[in-house]
Every structure is written in C-alpha cells, then in structure tokens.
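Just so you know, the protein sequences line up as chains C and D, in that order. Count along the first sequence from 1, add 1, and you get the number used in the numbering used here. Count along the second sequence from 1, add 1, and you get the number used in the numbering used here.
2 protein chains.
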Amino acid sequence: MSSVSVETFPAVNMLDLEGSGQVERTNWVLNAPKPPGICSEIVSAIRENVFPCGNRFFSVCKEPRLRNVMPFLEGVFPIILLCKNYKISKFKRDLMAGLTLASLCIPQSIGYATLAKLDPQYGLYTSVVPPLIYALVGTSRDIAIGPVAVVSLLISSMLQKIQDPLVDPTYYRKLVFTATLFAGVFQAAFGLLRLGFLVDFLSHAAIVGFMAGAAVMIGLQQLKGLLGITNFTNKTDIVSVLESVWKSLHHPWSPFNFIIGCSFLSFILITRFVGRRNKRLFWLPAMAPLISVILSTLIVYLTRADGHGVKIVKHVKGGLNPSSVDQLLLNGPHLGEVAKIGLVIAVVALTEAVAVGRSFAAIKGYHLDGNKEMTAIGLMNIVGSLTSCYAATGSFSRTAVNFSAGCETVVSNIVMAITVFISLQCFTRLLYFTPIAILASIILSALPGLIDLSEARNIWKIDKLDFLACAGAFLGVLFGSVEIGLMVAVLVSFAKILLISIQPGAEALGLIPGTDMYYSVEQYPMARQTPGVLIIRVKSALLCFANANSVRERIAKFASQKVGTGDKENAGVRTQLVVLDMSSLLNIDTSGITSLKELQKELASQGIELAIANPRWQVIDKLKLANFIGEVDSRVFLTVREAVDACITPKMAAV
Amino acid sequence: MSSVSVETFPAVNMLDLEGSGQVERTNWVLNAPKPPGICSEIVSAIRENVFPCGNRFFSVCKEPRLRNVMPFLEGVFPIILLCKNYKISKFKRDLMAGLTLASLCIPQSIGYATLAKLDPQYGLYTSVVPPLIYALVGTSRDIAIGPVAVVSLLISSMLQKIQDPLVDPTYYRKLVFTATLFAGVFQAAFGLLRLGFLVDFLSHAAIVGFMAGAAVMIGLQQLKGLLGITNFTNKTDIVSVLESVWKSLHHPWSPFNFIIGCSFLSFILITRFVGRRNKRLFWLPAMAPLISVILSTLIVYLTRADGHGVKIVKHVKGGLNPSSVDQLLLNGPHLGEVAKIGLVIAVVALTEAVAVGRSFAAIKGYHLDGNKEMTAIGLMNIVGSLTSCYAATGSFSRTAVNFSAGCETVVSNIVMAITVFISLQCFTRLLYFTPIAILASIILSALPGLIDLSEARNIWKIDKLDFLACAGAFLGVLFGSVEIGLMVAVLVSFAKILLISIQPGAEALGLIPGTDMYYSVEQYPMARQTPGVLIIRVKSALLCFANANSVRERIAKFASQKVGTGDKENAGVRTQLVVLDMSSLLNIDTSGITSLKELQKELASQGIELAIANPRWQVIDKLKLANFIGEVDSRVFLTVREAVDACITPKMAAV
C-alpha cells in the first residue's frame, strides 16, 4: 500500500478535514432513531388514507357534530353550498349549456344503448337519473354524466357471453342492471374506503391504448348498423368482426342504410370542422347529431324508405324511468361472474370519469377529490340500477361540449336531465322512423375523440416501455377482448416497474468540480474519479434476492479492473477502496445483506477495503440487525466525501 | 415576498456563493449526454450476460481457436486441469471422503427412491452416473451429487397426478425419466444461455420456508413406512396425510415396524450428537445409516420378522444401470405437462445445488460460476435420464459429510460412484430383508438439516415482509402442494418489490451540520430545515402512474403546512420554495411528468416556486423530452444546496 504516492490523491488536498466531525457524523448514521416498523407504517398509511383530516385536498373532513351539522351536510351534498352562492347570471349560462348538452345527449344515448344491446329508451333513462343524483353529491362543475361508448361496449361484450340479448332480452337486461348495481357498489366502496389510488393502477399509457382499441372496436361494431347486417357476430375481436362483415357482403344487402349513414356522418364531421374554425359556432357540432336525427327521420318517413331495406328504430317506449328493483338478480348461477364484470365496469368507468373530471378541473383551476367523486359516481349507479339505467359515467365528448357551451356549475346536468325527461314523455313516438344507420354514424362521429394519436406519439418519444403497455392494451382489445386488453396493460405496466426496480446495475461516481458531490461519471463526464478509489452507486432501488448476486458480481468486476486506465496520470493505480454510495437504495433484504458480506470478503481477499456511505434509514437499520455493521463501525460514513477522505488520509500519512 | 426578512434565512450567510459556477453546473445537468436507449440497454445487458469476456468470474471465456484448443478444453472439462495438478496426498483424502460418502449415500439413495415411488435400485443408479458426469464438467470441489429428498418428493407428488405408480409402475417410471430429461435440458439451457439469474428469483426467505415445508411433508410421508400402512393417500398436503394416518390406525397394524424404525432413528440421532461433540468422530454419524441397515437387515433375517408384519424391501435388481433411451415419452398426451414438471424440478434442483455449492465454495474461498454449474448439472441429468436415473442434484447433508470427511476435489464423487457401482454389482441381494421402516428412519434423520429455524428467526428479525414470503412458502407446501408453495413464495417476493418501489412517500430533508448535504430530518434529527424552503425527496424509486398522484398530493400537503411550526424562530414563515431532490428517482413515466406539471401549477397558485435538484440521467432526459424543462431552465440545479442558495439570494437582495 505504501507504494502509492501522494500525487495519486490530488483530491485530498482540496478539503480541510474535520477529523472529529467525521467520526461524530458517522455516529449520527449508526445511531439514527429506529425507523417505523412495517406494522406502524401500514397503520399510518391506512390512517392517512381513511382519516385525512388536516389534508386540505379532502374537503369532507369535518366530523359530524351536533352543533356543526351544516358543514358536514355541505360536505356530503356540495349542492347546498352551490345553492347558497348561486346567481341568476350563472343559471343563464348553465341553462344554455344544459340545452346544448341535451341536444347532443339524446341521439348519443340512443346510439350507446344499441351499442350496449339494449332498447333505445334505456339510454335515455340513463341520461335522466344518474345526472340528477350526481348533481346532488358530485363535486365536478363541468363533467357531463350519462352513458358512454366504452362502458356500453364493455357491458355488451362481457354480458352477452352469459346471455345472448337476441335470445332472451329480458334476462340480458336483468344481467345489465345487476352488473350496474355491482359497479355502483364497487365504486362507492372504493370512494368510502378511500381506495381511490386503485384507479391509478391503470397507467396513462395503458388508458390511451385501451381507449384507442375500444374506439376501433366500437367503430367496427357500427358496420352492422351502417351496412344493415342482420347476422352479426357476438365476438368483439377484429378478426371475427371482419369475417362477419365479409360474409354479409356476399348476401344481398341494402345500400340505402350505407348512403344515409355516410352522408350524415359527413355532415356531422363537416359541422365539427366548422365549429373548430369558428369558436362562436361551438353549438353547431353539438346540435348536428340532433339535426341529423330529425332530418333523417323525416326523410325516411316521407320516402317510406323502411320498405326498401332501411332499418329503423321502430317503437321506443316513452314515459318516466320504470323501477327495476325486481329485475336485480341477487342470487342465481351467474352472480359471481356478474360481480366480476361489475368490477371491470366500475374500474373502467371510474378511470374515464376521474380522468375527464381532473383534466377540466385543472383547466378551471379547482381541485377534485378523487375519493369523493368515486362515491358520487357509485351512488348514481346504484340508484341508476334501481331505475332501469345502465352504468353511467362522465363522457369525454359531452364534457367538452358542456365546457365550451360555458357551463358554470353542475346545474347544466340538471337542465339536461330534465330536457331528456321531457323528451321521454313527449317525443319518443317521433323516433319510430329514425334509421339505425344514423345512430351508427353518431357513434362513429364520437370515436375520433377517443383515439389520441399525438399522445401515443408523445409516449413513444418519452418512454418506449410505456409505449409497449399502450400498444399491448390496444392490440389486446383489438385481437383478444376488452378484458384481455386491460390485463395486458396492467401486466406490462407492473412488469416495467419490476424491471426498473431490480435491474442489476452499478455506476461509477466521480467528484463534481466545485462541489462535495459524487455523481455518475457517465451522466457528468466532467466528474473526476479519485485514483485508487472506486465509488459505486447501485442503480436499482432494492438490493434483493432478484438482483443481489448480479450487483455483487458487477461491483467486484468494476473493482478488479484498473481505475483510470484511460487517463495517463492515474494509469496503473490499483483500486484500494470501494465506497458504496447507498443513498438511492430504498431497502435491502436478507439476500442483499448476504451478498454485501460476500462482496466484502471477496474484496478483502484482494486487499480492497469496502466503505459504505449514506445508507438510508431502513437500510442502516437492517444492516445493524444483521450484524453486518456494528454499533461503532469504521466503514460507515455519512457522505461519500468523508469516506474517501477518511480512508485515504491514513494511507497518505503512512507514505 | 418582500415581507420576508433577512433573519429568516440564516443558512444563506454560511456559504460563499459561486454564482457563475452554479449556472455552469446547472448547464451540466441540462446538457448531459443522451442516456442509452432501452434498445441499446437491452442489447448491452444481453451481451454482458452471454459474452462476459473480461469478466474474471466466468472462467470459460476464451473462444476456441485452433492454436489454443487446450485452454478451451480445460474450460469445458475442468477435470483436465485437475488431473494436471493432482497429487497422491490429495487422492488419499478424496478416497476417505468418497468411501464415507458412499456409506451414507447407499441407504439414503434407497430411501429417496422409495420417496420418489420408484424401486430401490433406481436410487442407486442415480448415485452412479450423475456423479461421474458431474466430475467431468462441474467446478465445485465439495458438492456431493445424487438423489435428494426434496426433488424426490417433488417428482412423486407431481407425476403421480398423471399416473398412479401403484397402478402402472412402468408408465410412471417412463414419466420420471422423461421429466428428468426435461429438467436436464432446461438446466443446461439456463446455463448455456447464461440465464443463471433466473435461479435468484426464488428469494432466500422463500427457499428457507419451502425447504422447511418440504421437510415436514417428507416426514409425514415417512409415517407410511414407519407405521407399515398399506393404503396411504397420494396427496401430499398435511390434512390428507393425517387423515390417511388416522384411518389406518383404526385398522390392525404391526407395531414391529414402528419399534424397528424408532430405535434405529434414535441410534442415528445419538451418533450425530456424538459426532458433533467430538469432531474426530465425524465418520460415526455418516456411517450410522449403513450400520443401521446392516444391523436391522440381520435382525429381520435372523428373527424372520417379515412373517410378523414387518415390511421388507424384498428383491432389489442388481447390475449396471440399464439404458432407458427407449423409455422416454417424447410424444404422447402428457408431454406438455411433463415438460412443465421438468421445469419445476429443474428450478428446485438448481436452487439447491447452487445454494449448497456456493456456501461451501465461500468457506473454502473459491468462486463458483453459476452458469457453468447449471450446464454441468443439466448435462448430468440428461445423461442420467438415458441411463435409468432420476433427477439428481447436490445434496445438503451429504455435501456437509463430504466436506467434513476432508474431500479435496471432485474425485471423492468418483470414488463414491464406483463404490455404489460395486455394491450394485455384488450386494443388492443382501438388501432383501432390509425393513422399509429403516429407510423411513434414514430419511427422517436427514430432515432436520432442511429446517433452518434460526434462519427463519433471523429473517423475522430483519424483514417482516421477507418472513411473509417464507411463511407463505411453508404453509403453501404444507396445506396446498409443492407447486402452490413455490408460487406463493414467488408472488409474495415480487409483490414486496412492487410495494417498496412504488410506495407513495415523500420526506422532508434538512441540512446536515458541517456538510453541504440535505438528508432526511426523520433519520437525522440534527438536520436543519431552512425556514421558508421545503426540501422534499420522493421515497419511491419511480414516479409513475401507480404513485404519482399520491406523491403529488403529499408534497402539496407538505408545502401548504407551515414549515418549522414547532420551532419558535421559524414559526409563521410561509413556504416560498419547494426543492425536489430527485437523486433517488430512478425513472419517471408520462403520468409522473403530468403530476409534476400539476404540482408546479398548484404550487404556483399559492405563490410557491418549484425547483428540481440532481435529477438522474433517465429522468432529466425524459423531463426534457416532455418539455417540462427547457434547454435553459432556472429551476434545475445540480445540488439541493445550490437550489436553496440560488432561489433565496435574489429575494434577500430585494428585501
């Protein structure tokens, strides 16, 4: 060791060593307070989640006290607070927004009901009760509640495996209401138990892929209405659907459906283009679907085109939502399966609602409590399932219309619900001659909003593995089923986390000029490595069974190579000290500790010392418990700098 | 902002600011070289794994060249190198060790063969060919190759689900050989493709629990032999076995089996105790099983106890291993299932062999190449499956005996194999009257070595979640099956990694006196927080979809609370700056970036600035790609210290 000359340690001269200070600081590391155990951490996590009092992001924190009931009620029913501050000027804007919303909502609801394989009136029912319930308990000011395309597809694609709606529509409807009830119960439970974070488990990238896949799926399903096909497949994957279309084209089919559908689709898309160009005409694309329905119905009625193969809606039952309490199947052979479907619906519906609510809240600058939103959406679906509604949630496209129509509060939803209710009472008979192709074109026109190509490109640019989750979800939906798509997305997302957390990597660190910091020499080429000293940082978050061996081998390999071989002045200096910067190691397990012990032995056999710098709370605690380091240990340092200085100085003195 | 007085920023006066230096260093952060993409990282990981040349831990690195065949051959067949340096003194020790090993191996092999539900001679066959093959290609000097208890249990418990060995022993044997072939192929493939790290995926804690569970299982199975039960269950879970024993006890049974078994078990355990007390008598516990077999056989022969209900081994076929090439079922209905079973056997056998090889290599101070070991074990099982052997691996108990008998090289395995071979040729007829109960007691006596209570206690002390994996594996084996135990262990282990990697935590940092470092104030109570500045470090390794929202909310909550409320001099100072120490964030995804953007907006609305310190390579790159930070950005700093100084100084000037 004494052959190492002073010149090889230029870094040492730069710092005024605080000898006693270093020892004292090492004691700080060794005698840190005991970190919280796993039990107390779990308890505190639950407490923080369930009783977030003092957290200003959860507005319903005040416990109900007799002398203070009003704030509690205001917390549970935000509409009370709303009424207090409501003005006539606000109402004017809400009225306009609500009417615009209704004009878009009525045709979309009928379309989505056919997508869910239900009669048209069920879509309208779903646009009456859930928005009213949401208005009582929800906190978003912009969200437009009602049936949405993806959830409708989800319901029909999953439930028709249990019961074909063409064979027994009554039983199928019962299944739908039961699944809606389960979805509502799950959603409300997530909210009440403050499990809102569960919705975060569908990553953004996965949602982008899933939505795009669902949109393509829905678009393909519309070929049935657009082409007037009678025998359409029940499967949703792209192969089956295209096969089904191909077969139908070889049978005689009426081109009128296609002509009507396409011409009105063009009309809707053109109005949207105009509306985008001229912001004052925002109502035009919102009204276009209703105008299309009215015009096409008129045309069919006047020309009697239904006699020439044009499929029409026929009878739509009017009147108020009937009760569906007696239609719920709370015992029976399919209960478990329906509950599982309810869970999937709950998660997908919440994901859409929370995403749409959050993004518009961010634009207007107010905060949305995810857990409270979930409770509200759960409640509205529970009530919905009792009043002949199927699963509702916040719609992307209609929320945007509501926003651009200048809505101020949730009152626009109430206006919309009342308008739909009036239509149900008075105008359902007028829908008799509405061609089914027009419903297909209304659904088709809403799909481009679900496919976010620019975001997909963005994800590709930023993170290739994220894009894999996105593509996996997309292809899973397209070639498998909706559930497979969701599963692929979740699996890829979590596999990515695992991969990054345990990738066995180690990087050499160097001193950043002008500071006391040792950072990666790859990231900062100007960082200077000290000859004879190897400073290593583990690149993963955990040193555990899955990577401990690889990390150990990599560090030993690093250490056995000469440091600074490329650099003339450092060439030939053998490594004498390895400093392990543990600052980024979140945790270590028994395998990790074993491999550290082995590493130390291995290095010692080559005459290399091992020092540890800046271990985290959990890590130092475990190292002490495992007797890898003692109460007083000369190999532990608070900072890398101190480790380098303390280990090199005695050797310099010996020279 | 100007209302904040100079007195509230005491930390600033301590440092001589290097204004220009800071800006320059921020540019180092912003203009770091592009990090390697995901593709190049994967390629380099594969290259490092498959072509580890230059890594001194993989001794077979030299590519075969015509002028240099010898080193290559020596790499493939380490025995060549061994022969070069072999001395007569070494052989003496190896001979002694080999003979001791054989005396333990013969009774154990017969016992393990009955555990695998095969005839006794197959256990002996397995102790002949695999050790010889291993001696040619293996690198461990101490390992004792042959049948082991856990693998035998695994084979019988999984394969008897396909074919009951009592109904059709020939087909069952074919399945065993086929599964052994698959196991060997998988093991060799793992080794050749350098997938050795796969074996690390069974965590240490899981192995401890799994081994203990398997030992209890095996012990319960021995009740059959010990009690002489005829109708024994085929299931391995504790409930079925105890039920089966309970039922049998109500039928007439012979107590002689039990008496013979228990008395010789006591004899073996007593000799072990004596052997531990007196190290020079190490051979006594090793010889005890053979002595027991000889004595008990003699007793039964002389007393003709087989007529009184004592079950005996009866005919054991002698002679050399017959070929089993024609017995392999390489097509047929069960091929997929057998391949799956082969994979499980391969992993468990490798886990045991690598663990036992590594621990004794560590004691003697030589390194074992995991990948090469796997290839060797795979090869010996492939050859074994062609010569009527079932899956062999390194045995814990016999390796310990080999070690204490003073083995020098793998030659002791050759000696053992030749001894077993001679026994097969000459002495199998003598085993006719060996009572089955004695085999049960030999197996039982080997079990305590598989149950490592002190290690389990250690795991509990160090890591509660690790203990959960351990307990899960143990209970899974006990109450479910061997596969369920393995699955539980792997799932719990990976769930733990996920949990730690994405736990949504944030901790406040403070300046450690005497340094420029900002560390957790919880871990280091002496760390000083700067009033008006909140320094936060994310506690997880990734800021991703699963935790980004929670982390954002937690930081915003931190920021909205007053800093230093407990401290008189700092009380009442509002937070004006949040510094995010990103040093431990390994990666970030699109959701994480979105939540950072939201956090910045949220903080800005309260007049709080957000600064970023020390982002890692991957993170800064993604933040730049996502346009969260620009090419020149005043919010990015190399160190926390610089962020605090740079943001506070202008405000001081303004005062």
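All residues carry an ideal CB built from backbone N, CA and C; glycine is no exception. Note that this is a predicted model, so its numbers are computed, not measured.
Starting from the beta carbon of Arg458 of chain C, find every residue of chain D whose beta carbon is closer than 9 Å, and list them in chain order. Under a criterion of Cβ atoms nearer than 9 Å, no residue of chain D is adjacent to Arg458 of chain C; the nearest Cβ is some 12 Å distant.
Applying the criterion that 16 or more other CB atoms from any shown protein chain within 10 Å of the CB defines a buried residue, is Cys54 of chain C buried or exposed? For Cys54 of chain C, the predicted model reports a pLDDT of 46, less than 50, meaning its position is unreliable; a value from the coordinates is still stated below. Exposure of Cys54 of chain C is indicated by the presence of fewer than 16 other C-beta atoms within 10 angstroms of its C-beta.
Which listed residue (D:Val314, D:Phe187, D:Leu266 and D:Val411) has its alpha carbon closest to that of Ser446 of chain D: Of all alpha-carbon atoms in D:Val314, D:Phe187, D:Leu266 and D:Val411, the one lying nearest the alpha-carbon of Ser446 of chain D is that of D:Leu266.
Hey, could you find the ends of the beta strand (DSSP E) Tyr126 of chain D is sitting in? Segment Pro121 to Thr127 is the alpha helix (DSSP H) holding Tyr126 of chain D; no beta strand (DSSP E) there.
Can you tell me whether DSSP reads Glu42 of chain D as helix, strand or coil? DSSP, read as helix, strand or coil, puts Glu42 of chain D in helix.
Tell me, which residues are paired with Val24 of chain D by DSSP? None, per the DSSP bridge assignment.
Within 8 Å of any Cβ in chain C, is that where the Cβ of Ile524 of chain D sits? It should be pointed out that residue 524 of chain D corresponds to Gln in this sequence rather than to Ile. The Cβ of Gln524 of chain D sits closer than 8 Å to at least one Cβ of chain C.
Give the residues from the segment 531-544 of chain C that approach chain D closer than 8 Å (Cβ to any Cβ), ordered along the chain. Along the segment 531-544 of chain C, the positions whose C-beta sits under 8 Å from a C-beta of chain D are Lys540, Ser541, Ala542 and Leu543, read in chain order.
Applying a beta-carbon distance threshold of less than 8 Å, which residues of chain C neighbour Phe191 of chain D? Listed by position along chain C, the residues whose Cβ is nearer than 8 Å to that of Phe191 of chain D form an empty set, because the closest Cβ is around 14 Å away.
Quick one: using the 10 Å Cβ neighbour count with 16 as the cut-off for buried, is Asp120 of chain C buried or exposed? By the 10 Å Cβ count, Asp120 of chain C comes out buried.
Compute every distance between the C-beta of Leu224 of chain D and the non-hydrogen atoms of the ligand ATP, then say whether any falls below 7 Å. The ligand content of the structure shown is nil, which means the ligand ATP is not present either.
In the DSSP assignment, find the unbroken beta strand (DSSP E) run with Gly511 of chain D in it and report its ends. Start and end: Ala507 to Leu512.
With 8 Å as the threshold, decide whether the Cβ of Phe638 of chain C is near any Cβ in chain D. Cβ-Cβ to chain D under 8 Å: no for Phe638 of chain C.
Please return the same chain residues whose Cβ sits closer than 6 Å to the Cβ of Phe475 of chain D, not counting the five positions on each side in sequence. Excluding sequence neighbours, Phe475 of chain D sits near Gly210, Ala213 and Gly214.
Determine, using beta carbons only, whether Met212 of chain D comes closer than 8 Å to chain C. Look at Met212 of chain D: its C-beta is not under 8 Å from any C-beta on chain C.
Contacts that Asp467 of chain C makes with chain D (C-beta to C-beta distance below 7 Å): Ordered by position in chain D, the residues that pass the 7 Å Cβ test against Asp467 of chain C are Asp590 and Thr591.
Assuming Ala605 of chain C contacts Arg636 of chain C (C-beta within less than 8 Å), just tell me the rounded distance between them. About 11 Å separates the two Cβ atoms, so there is no contact after all.
Return no unless some Cβ of chain C is closer than 8 Å to the Cβ of Asn550 of chain D. Chain C contact via Cβ: present.
Does Trp247 of chain D pass the burial test, meaning 16 or more other C-beta atoms within 10 Å, or should it be called exposed? If you draw a 10 Å sphere on the C-beta of Trp247 of chain D, you find fewer than 16 other C-beta atoms in it, and that means exposed.
Whole angstroms is fine: what's the gap from Ala406 of chain D's alpha carbon to Ser413 of chain D's? Cα to Cα, Ala406 of chain D sits roughly 10 Å from Ser413 of chain D.
Look at the alpha carbon of Phe92 of chain C and the alpha carbon of Pro148 of chain C, and state the distance between them as a whole number of angstroms. For the pair Phe92 of chain C and Pro148 of chain C, the Cα-to-Cα distance works out to about 25 Å.
Cβ-based neighbour list, Arg359 of chain D, same chain, cut-off 6 Å, excluding 5 preceding and 5 following: If the five residues before and after Arg359 of chain D are omitted, its C-beta is found closer than 6 Å to the C-beta atoms of Leu369, all from its own chain and listed in chain order.
Beta carbon of Ala340 of chain D nearer than 8 Å to that of Ser104 of chain D: Contact flag unset, no.
Does DSSP put Lys569 of chain C in a helix, a strand or coil? Note on Lys569 of chain C: pLDDT 47, under 50, position unreliable in the model; no value is reported.
DSSP puts Val614 of chain C in a beta bridge; with which residues? First, the residue type needs correcting, since residue 614 of chain C is Ala and not Val in the sequence shown. BP columns for Ala614 of chain C point to C:Asp582 and C:Phe638.
Step through the CB atoms of chain D and report whether any lies within less than 8 Å of the CB of Pro34 of chain C. For Pro34 of chain C, the nearest beta carbon of chain D is closer than 8 Å to its own beta carbon.
Separation of Lys598 of chain C from Asn548 of chain C, as counted between CA atoms: Their Cα atoms are separated by approximately 15 Å.
Proximity below 8 Å, CB of Val493 of chain D to CB of Gly511 of chain D: No.
May I ask you to verify whether the segment 155-167 of chain D touches the segment 424-438 of chain D, counting CB pairs closer than 8 Å and requiring at least 3? Touching, no.
Would you tell me roughly how many angstroms separate the C-alpha atoms of Thr376 of chain C and Gly192 of chain C, rounded to the nearest one? The alpha-carbon of Thr376 of chain C is positioned some 5 Å away from that of Gly192 of chain C.
Starting from Ser584 of chain D, find everything on chain C with Cβ-Cβ shorter than 7 Å and list it in chain order. By Cβ distance, chain C contributes Ser584 and Ser585.
Contact criterion: CB-CB distance below 8 Å. Does Ser204 of chain D meet it with respect to chain C? Residue-level contact check: Ser204 of chain D touches chain C, since one or more beta carbons of chain C fall below 8 Å from its beta carbon.
Count the other CB atoms, across all protein chains shown, that sit within 10 Å of the CB of Gln562 of chain D; report buried if there are 16 or more and exposed otherwise. Gln562 of chain D comes out exposed.
Alpha carbon to alpha carbon, how far is Gly139 of chain C from Thr400 of chain C? Give it in angstroms, no decimals. In a straight line, the C-alpha of Thr400 of chain C is about 14 Å away from that of Gly139 of chain C.
Are Arg142 of chain D and Glu409 of chain D closer than 8 Å when you measure CB to CB? Yes, Cβ-Cβ distance for Arg142 of chain D and Glu409 of chain D is below 8 Å.
Sub-8 Å separation of Ala184 of chain D and Asn32 of chain D beta-carbons: Their beta carbons are not under 8 Å apart, which means Ala184 of chain D does not touch Asn32 of chain D by this criterion.
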